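When the letters of the sequence shown are read in order and numbered with the numbering used here, they come out as residues 1 to 447.
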Amino acid sequence: MAVVGRRLLPCRSRASRRLTPAFSLVAGAFALLWAGAADATSTRESPYDLFDQFGRVLAWVENEYVDPVERERLVEGALEGMVAELDPHSAYLAPEDYAIFRSDTEGQFGGIGVEVDFSSEWVTVIAPIEGSPAARAGIRSGDRILAIDHASVRGKSPVDLVKRMRGAPGSSVLLTVRRDGMEKLLYFTLTREIIDVKSVASKLLTGNVGYLRIKAFQQGTHTELLEHVAALRRAASGNVRGWLLDLRNNPGGLVDEATAVADELLPGGVVFTTRRRGAVVEEVRAQPGGALHRGALVVLVNEFTASSAEIVAGALKDNGRSRLVGARTFGKGSVQTIVDLPGGAGLRLTTLRYYTPRGRAIQAQGLEPDVPVASPGGEFGVMRERNLEGHLPEEFGAPVVAPPPESDPSALREPLGKTSLGTEVPTDPRLGKDVALATAYRMIVGE
1 MAVVGRRLLP
11 CRSRASRRLT
21 PAFSLVAGAF
31 ALLWAGAADA
41 TSTRESPYDL
51 FDQFGRVLAW
61 VENEYVDPVE
71 RERLVEGALE
81 GMVAELDPHS
91 AYLAPEDYAI
101 FRSDTEGQFG
111 GIGVEVDFSS
121 EWVTVIAPIE
131 GSPAARAGIR
141 SGDRILAIDH
151 ASVRGKSPVD
161 LVKRMRGAPG
171 SSVLLTVRRD
181 GMEKLLYFTL
191 TREIIDVKSV
201 ASKLLTGNVG
211 YLRIKAFQQG
221 THTELLEHVA
231 ALRRAASGNV
241 RGWLLDLRNN
251 PGGLVDEATA
261 VADELLPGGV
271 VFTTRRRGAV
281 VEEVRAQPGG
291 ALHRGALVVL
301 VNEFTASSAE
311 IVAGALKDNG
321 RSRLVGARTF
331 GKGSVQTIVD
341 LPGGAGLRLT
351 TLRYYTPRGR
361 AIQAQGLEPD
371 VPVASPGGEF
381 GVMRERNLEG
391 HLPEEFGAPV
401 VAPPPESDPS
411 ALREPLGKTS
421 LGTEVPTDPR
431 LGKDVALATA
441 YRMIVGE
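Structure follows, in structure tokens:
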């Protein structure tokens, strides 16, 4: 058992804890477990014969290649290639990349403070982080970053782009940006600083409706949520009419934190189950007595709601605790285990698929909202899990058939151009431009 908040929640094992770093700068979607130092032993035939072959090739390359080469670089390249063959979310992380990866778990790093999506040829801004250099400079949701310090972003890996945007506090970076509706490019020179990312935002709306947005599940999200809930209840003199939980643009995060949040919202029941190679590995259940297990609740989701955020949304939907409003979610239904390797490197390996309480597979399908509100996703080159080359198939080996594009004629439509979620929430959502939020609000107040 692992202690989370004030209650005991099931843990995968005594030696591991769930971990899902989700870059604030990288719109990656992950649900991971922390496994500690590498100690796995293969149950198959000894791999040493293959190692012998590897050694022969390595020796030939080292000794006979036309130019001198570094052994470490060759070995790291081989490891990266081996793991990359598995699926889009498994990876060998060299020490520098692993350090970046882990820093996001703590929600603090040196950078410009912007959440972005790397799924198209350009880098699309999801939202600037409130109070960050990017926000102060006027960078907006929907802006497309074309170049960093005059170097094009096209064809670059997300990790490489993260490295280029982050840096020592006080150093500067130049972004070249294209904004819809403007002919000329925009140039922003930003001074990097320590970005302390808060994962929860809140606001008391008209009629004593509590708005809670979880941007990602990182260390401390559960505690932050309880603090915001307490503050909203004080502001409403203890009379909160209902709750809006906004999980839009939430790429996932720490599974333990997501489980703890779901535990607060559910009166009991299954949160999710995990399976590996056809067998159930774990069933995680909520405990009675959560801080938000009663009262009206509506959850907002969109195509960027992924991984651990889908775990929470699926648990609330399948347990009948909440209806979902928005667009179909990203569809990442796998869990990765993070392993510390010698020399500061790391391994991110897909080890489990997860399922909603009713046994629904999220992998490559996503969650369908109860009340569809179509996002203008086509404007920003939206790519879901099912679009990723090599994504995991359905559990028993059959290929996943991609659902047709969202074209529900009955769905409400968001206006083109995204607002900065969580930073531009009007006190009365009915007066704003956020169609999904206004719809969810009306459901709470009974209109």
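Just so it is clear, CB atoms sit at the ideal spot from N, CA and C, and this is done for glycine as well.
Predicted, not measured: the structure shown is a model, and the values here were computed from it.
(request) Taking only the alpha-carbon atoms, compute the straight-line gap between Tyr98 and Asn250 and give it to the nearest angstrom. (result) Within the sequence shown, residue 98 is the residue found at index 98, counting from 1. Within the sequence shown, residue 250 is the residue found at index 250, counting from 1. Those two C-alpha atoms are separated by around 22 angstroms.
(message) Here's the rule I'm using: 16 or more other beta-carbon atoms within 10 Å means buried, otherwise exposed. How should Val114 be labelled?
(response) Looking up residue 114 in the sequence shown gives position 114. Buried, because 16 or more other Cβ atoms sit within 10 Å of the Cβ of Val114.
(message) So, at 7 angstroms on beta carbons, what are the nonlocal neighbours of Leu186 in its own chain, with the 5 sequence-adjacent residues on each side left out?
(response) The residue you call residue 186 lines up with position 186 of the sequence shown. Closer than 7 angstroms at the Cβ level, and outside the excluded window around Leu186, lie Val177, Arg179.
(request) Have a look at Ala230, Leu245, Ser103 and flag the residue whose alpha-carbon is nearest the alpha-carbon of Gly238. (result) For the purposes of this step, residue 238 is taken as residue 238 along the sequence shown, with counting starting at 1. Nearest C-alpha to Gly238: Ala230.
(request) To the nearest angstrom, report how far apart His150 and Tyr441 are at their CA atoms. (result) Here residue 150 corresponds to residue number 150 of the sequence shown, with the count starting at 1. Here residue 441 corresponds to residue number 441 of the sequence shown, with the count starting at 1. One C-alpha to the other measures close to 44 angstroms.
(request) State the Cα-Cα distance for the pair Glu227 and Gly333, rounded to the nearest angstrom. (result) Position 227 of the sequence shown, counted from the start, is the residue given in the question as residue 227. Position 333 of the sequence shown, counted from the start, is the residue given in the question as residue 333. Looking at the two C-alpha atoms, the distance is approximately 29 angstroms.
(request) Rounded to whole angstroms, what's the CA-CA distance from Trp60 to Val69? Just pull it up for me. (result) Along the sequence shown, one-based indexing puts residue 60 at 60. Along the sequence shown, one-based indexing puts residue 69 at 69. Straight-line Cα distance between these residues: approximately 11 angstroms.
(request) State the beta-bridge partners of Tyr193 as determined by DSSP. (result) The residue labelled residue 193 in the question sits at position 193 within the sequence shown. Position check: residue 193 holds Glu in this sequence, whereas Tyr was assumed. For Glu193, which the question treats as bridged, DSSP gives the partners Gly111.
(message) Do Val325 and Pro369 count as a contact pair if the criterion is CB distance below 9 angstroms?
(response) As a first step, residue 369 is located in the sequence shown; it is residue number 369 there, counting from the start. As a first step, residue 325 is located in the sequence shown; it is residue number 325 there, counting from the start. For the pair Pro369 and Val325, the CB atoms are nearer than the 9 angstroms cut-off.
(request) Give the DSSP-derived three-state secondary structure of Ala440 in the structure shown. (result) As a position in the sequence shown, residue 440 is number 440, starting the count at 1. If DSSP states are grouped into helix, strand and coil, Ala440 belongs with the helices.
(request) Locate the beta strand (DSSP E) running through Trp243, then write down its first and last residues. (result) Start at 1 with the first residue of the sequence shown, and residue 243 comes out as number 243. Note, Trp243: beta strand (DSSP E), 242 to 246.
(message) As an exercise, report each continuous beta strand (DSSP E) stretch of at least 3 residues that is fully enclosed by the stretch 38 to 104, in chain order.
(response) 91 to 93
(message) I need the straight-line Cα distance from Pro133 to Leu146, nearest angstrom please.
(response) As a position in the sequence shown, residue 133 is number 133, starting the count at 1. As a position in the sequence shown, residue 146 is number 146, starting the count at 1. The straight-line gap from Cα to Cα measures roughly 18 angstroms.
(request) Examine the Cβ distances between the stretch 264 to 272 and the stretch 311 to 324 and report whether three or more of them are shorter than 8 angstroms. (result) Between the stretch 264 to 272 and the stretch 311 to 324, the count of Cβ pairs shorter than 8 angstroms is three or higher; the stretches touch.
(message) From the DSSP secondary-structure annotation, give me the bridge partner or partners of Arg233.
(response) Within the sequence shown, the letter at position 233 stands for residue 233. DSSP output for Arg233 lists no bridge partner at all.
(request) Determine, using beta carbons only, whether Arg166 and Ile112 come nearer to each other than 9 angstroms. (result) For the purposes of this step, residue 166 is taken as the residue at position 166 of the sequence shown. For the purposes of this step, residue 112 is taken as the residue at position 112 of the sequence shown. Yes, these two residues count as a Cβ contact at 9 angstroms.
(request) Would you mind listing the beta strand (DSSP E) stretches within the stretch 278 to 345 that are 3+ residues and don't spill past its ends, in chain order? (result) If we require 3 residues or more, the beta strand (DSSP E) runs fully inside the stretch 278 to 345 come out as 279 to 286, 296 to 301, 323 to 326, 334 to 340.
(message) Quick check: the Cα distance between Leu190 and Lys203, rounded to an integer number of angstroms?
(response) For this step, residue 190 is matched to residue 190 along the sequence shown. For this step, residue 203 is matched to residue 203 along the sequence shown. Between Leu190 and Lys203, the C-alpha separation is close to 29 angstroms.
(message) Could you check whether Pro128 and Ser120 sit closer than 9 angstroms to each other, using their CB atoms as the reference points?
(response) By 1-based counting over the sequence shown, the position of residue 120 is 120. By 1-based counting over the sequence shown, the position of residue 128 is 128. No.
(request) With DSSP as the reference, label Lys163 as helix, strand or coil. (result) Within the sequence shown, residue 163 is the residue found at index 163, counting from 1. Reduced to three states, the DSSP call for Lys163 is helix.
(request) Grab me the residues of Arg276's own chain with a C-beta within less than 6 angstroms of its C-beta, minus the 5 sequence neighbours each way, in chain order. (result) For this step, residue 276 is matched to residue 276 along the sequence shown. Result list for Arg276: Leu352, in chain order.
(request) Consult DSSP for Gly397 and reduce its assignment to one of helix, strand or coil. (result) Mapped onto the sequence shown, residue 397 falls at position 397. Any reading at Gly397 needs caution, since the residue's pLDDT is 42, under 50, leaving its predicted position unreliable; the model's value is listed next. Coil at Gly397, not helix or strand.
(request) For Val425, name the three-state secondary structure that DSSP assigns. (result) Along the sequence shown, read from residue 1 onward, the residue named residue 425 stands at position 425. Coil, per DSSP.
(request) Mind checking who Leu266 pairs with in its DSSP beta bridge? (result) Residue mapping note: residue 266 aligns to position 266 of the sequence shown, counting from 1. Residue pairing of Leu266 in beta bridges, as defined by DSSP: absent, with no partner found.
(request) Taking Arg144 as part of the beta strand (DSSP E), name the residues at either end of that continuous run. (result) Walking along the sequence shown from the start, residue 144 turns up at place 144. Counting along the chain, the beta strand (DSSP E) containing Arg144 begins and ends at 144 to 148.
(message) Please state the DSSP three-state secondary structure of Val445.
(response) Here residue 445 refers to the residue found at position 445 of the sequence shown. Look at Val445 here: in three-state DSSP terms it is helix.
(message) Looking at Arg323: is its Cβ nearer than 9 angstroms to the Cβ of Val284?
(response) Residue 323 sits at position 323 when you count from the first residue of the sequence shown. Residue 284 sits at position 284 when you count from the first residue of the sequence shown. No, they are not a contact pair.
(message) Beta-carbon within less than 6 angstroms of Val200's beta-carbon, same chain only, minus the 5 sequence neighbours each way: which residues are those?
(response) As a working mapping, residue 200 is identified with position 200 in the sequence shown. Contacts found: Ile214, Glu224, Leu225, His228.
(message) Going by DSSP, what residue range makes up the beta strand (DSSP E) through Arg213?
(response) Within the sequence shown, the letter at position 213 stands for residue 213. 209 to 214 is the extent of the beta strand (DSSP E) around Arg213.
(request) Please look up how many angstroms separate the CB atoms of Gly366 and Phe330, rounded, as I've assumed it's under 8 angstroms. (result) Counted from its first residue, the sequence shown places residue 366 at position 366. Counted from its first residue, the sequence shown places residue 330 at position 330. Yes, Gly366 and Phe330 are in contact; Cβ-Cβ is about 6 angstroms, under 8 angstroms.
(request) Identify the continuous beta strand (DSSP E) that holds Arg136 and give its terminal residues. (result) Walking along the sequence shown from the start, residue 136 turns up at place 136. Looking at the DSSP string, Arg136 is not in any beta strand (DSSP E); the run it does join, the alpha helix (DSSP H), is 133 to 137.
(message) Taking its Cβ as the centre, do 16 or more other Cβ atoms sit within 10 Å of Gly253, making it buried, or is it exposed?
(response) Within the sequence shown, numbered from 1, the residue matching residue 253 stands at position 253. Counting every other CB atom within 10 Å of its CB across the protein chains shown gives Gly253 a total of 16 or more, marking it as buried.
(request) Out of Asp143, Ile195, Pro158, Gly207, state which residue places its alpha-carbon closest to the alpha-carbon of Gly181. (result) On the sequence shown, residue 181 is found 181 positions in, with the first residue counted as 1. Here the closest residue by C-alpha is Asp143.
(request) Could you please give me the residues that DSSP links to Arg154 through a beta bridge? (result) For this step, residue 154 is matched to residue 154 along the sequence shown. Answer by DSSP bridge pairing: none, since Arg154 is not bridged.
(request) Assuming Pro88 contacts Glu389 (C-beta within less than 8 angstroms), just tell me the rounded distance between them. (result) Translated into the one-based positions of the sequence shown, residue 88 becomes position 88. Translated into the one-based positions of the sequence shown, residue 389 becomes position 389. About 7 angstroms; that satisfies the 8 angstroms criterion.
(request) Can you give me the Cβ contacts of Met443 inside the same chain, cut-off strictly under 6 angstroms, excluding the 5 residues immediately before and after it? (result) Position 443 of the sequence shown, counting from 1, holds the residue named residue 443. Listed in chain order, the non-local C-beta contacts of Met443 below 6 angstroms within the same chain comprise Val298, local neighbours out to five positions each way being set aside.
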